[in-house]
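Participant: To start, I am sharing the structure in question, which I have written as structure tokens.
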Amino acid sequence: MSANNASAALVGRIIERLKDRIPELLVDSFPDNPEGYRLKHPKGALLVRYKGSRYGESRDLGENARDRDMVMEVTIHARGLNGESGAVAYLDRALRALSGRRIAGFSPLVPVEDGFLDQGAGLWRYFIDFSARTLFVAETEAESGPLATKATFE
Numbered sequence: 006m007s008a009n010n011a012s013a014a015l016v017g018r019i020i021e022r023l024k025d026r027i028p029e030l031l032v033d034s035f036p037d038n039p040e041g042y043r044l045k046h047p048k049g050a051l052l053v054r055y056k057g058s059r060y061g062e063s064r065d066l067g068e069n070a071r072d073r074d075m076v077m078e079v080t081i082h083a084r085g086l087n088g089e090s091g092a093v094a095y096l097d098r099a100l101r102a103l104s105g106r107r108i109a110g111f112s113p114l115v116p117v118e119d120g121f122l123d124q125g126a127g128l129w130r131y132f133i134d135f136s137a138r139t140l141f142v143a144e145t146e147a148e149s150g151p152l153a154t155k156a157t158f159e
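Heads up: the sequence shown is residues 6 to 159, going by the working numbering.
Next comes the structure, spelled out in structure tokens:
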């Protein structure tokens with residue numbers, strides 16, 4: 006995992022896991038233009054995006070390191086609500102596929118919240134938010150000049 010691209014790495018690994026566990030649906034990253042997104046898959050889709058982070062207090066490494074709790078959202082798009090191929094069933098399957106899943110560089114994925122988004126044009130949309138913790142370390146610049154100019158021993 007690149008420390009500079011933790012969100013993209015986490016999205017990618019979640020997509021891999023969902024593709025493996027729910028192969029009958031389209032699984033992809035959230036579209037750049039969600040308003041223009043049209044589901045073309047006959048059954049549905051799982052779309053994954055980075056939603057945001059909360060940062061903890063400074064760690065022992067000083068002001069440059071702190072916990073980063075990253076929230077990832079999986080949006081479920083399904084052509085029905087109930088039954089094996091309904092939005093609720095796919096929500097439960099995605100929940101089981103990701104809950105507790107350990108991804109290198111992160112704490113295990115923990116479900117935070119799920120719920121109904123909307124329904125229209127024969128499409129049901131739900132979401133699940135997951136949280137995973139990683140360590141954020143800020144880039145630092147080396148100070149110019151000598152690190153010590155005088156040493157005294159007493």
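Glycine is no exception: its CB is placed at the ideal position from the N, C-alpha and C atoms.
Assess contact between the stretch 106-113 and the stretch 13-29, defined as three or more Cβ pairs (one per stretch) separated by less than 8 Å. Is contact present?
Facilitator: Segments in contact, yes.
Participant: Run through DSSP, which three-state label would Asp37 get?
Facilitator: Numbered from 1 along the sequence shown, position 32 holds the residue referred to as residue 37. Coil at Asp37, not helix or strand.
Participant: Straight-line CA distance for Ala102 to Ala70?
Facilitator: Reading the sequence shown from its first residue, position 97 is the one you call residue 102. Reading the sequence shown from its first residue, position 65 is the one you call residue 70. Cα to Cα, the separation comes out at about 31 Å.
Participant: So what's Lys24 in DSSP terms, helix, strand or just coil?
Facilitator: Numbered from 1 along the sequence shown, position 19 holds the residue referred to as residue 24. Lys24: helix per DSSP, three-state reduction.
Participant: So is Ser7 buried or exposed if we call it buried at 16+ other beta carbons inside 10 Å?
Facilitator: Residue mapping note: residue 7 aligns to position 2 of the sequence shown, counting from 1. For Ser7, the predicted model reports a pLDDT of 44, less than 50, meaning its position is unreliable; a value from the coordinates is still stated below. Exposed.
Participant: Who are the Cβ neighbours of Phe35 in its own chain at under 8 Å, not counting the five residues just before and after it?
Facilitator: The count along the sequence shown starts at 1 and reaches residue 35 at position 30. Once the five neighbours on either side are set aside, the close Cβ partners of Phe35 are Leu52, Val53, Arg54, Glu78 and Thr80.
Participant: Between the alpha carbons of Lys45 and Leu140, how many angstroms are there, rounded?
Facilitator: Numbered from 1 along the sequence shown, position 40 holds the residue referred to as residue 45. Numbered from 1 along the sequence shown, position 135 holds the residue referred to as residue 140. Taking the straight line joining both Cα atoms gives about 38 Å.
Participant: Is the distance from the Cβ of Ile27 to the Cβ of Arg84 below 8 Å?
Facilitator: Locating residue 27 in the sequence shown gives position 22, where the first residue counts as 1. Locating residue 84 in the sequence shown gives position 79, where the first residue counts as 1. No, they are not a contact pair.
Participant: Would you kindly check if the distance between the Cβ of Ile133 and the Cβ of Leu100 is under 8 Å?
Facilitator: Residue mapping note: residue 100 aligns to position 95 of the sequence shown, counting from 1. Residue mapping note: residue 133 aligns to position 128 of the sequence shown, counting from 1. It is a contact, given that the beta carbons lie within the stated cut-off.
Participant: Alpha carbon to alpha carbon, what distance is there between Asn10 and Ala50?
Facilitator: Looking up residue 50 in the sequence shown gives position 45. Looking up residue 10 in the sequence shown gives position 5. Going by the C-alpha atoms only, they are around 25 Å apart.
Participant: Give a yes or no on whether the C-beta atoms belonging to Asp72 and Arg138 are separated by under 8 Å.
Facilitator: Here residue 72 refers to the residue found at position 67 when the sequence shown is read from its first residue. Here residue 138 refers to the residue found at position 133 when the sequence shown is read from its first residue. Yes; because the gap between Cβ atoms is below 8 Å, this pair is in contact.
Participant: In whole angstroms, what is the alpha-carbon distance linking Pro39 and Met75?
Facilitator: Here residue 39 refers to the residue found at position 34 when the sequence shown is read from its first residue. Here residue 75 refers to the residue found at position 70 when the sequence shown is read from its first residue. Between Pro39 and Met75, the C-alpha separation is close to 21 Å.
Participant: Going by C-alpha distance, which of Phe135, Lys48 and Tyr60 is nearest Tyr95?
Facilitator: Here residue 95 is taken as the residue at index 90 of the sequence shown, counted from 1. The option with the nearest alpha carbon to Tyr95 is Lys48.
Participant: Alpha carbon to alpha carbon, how far is Ala126 from Gly120?
Facilitator: As a first step, residue 126 is located in the sequence shown; it is residue number 121 there, counting from the start. As a first step, residue 120 is located in the sequence shown; it is residue number 115 there, counting from the start. If you take the alpha carbons of Ala126 and Gly120, they lie about 19 Å apart.
Participant: With distances taken from CA atoms, which of Val93, Tyr60 and Gly88 is nearest Leu122?
Facilitator: Translated into the one-based positions of the sequence shown, residue 122 becomes position 117. With distances taken between Cα atoms, Leu122 lies closest to Val93.
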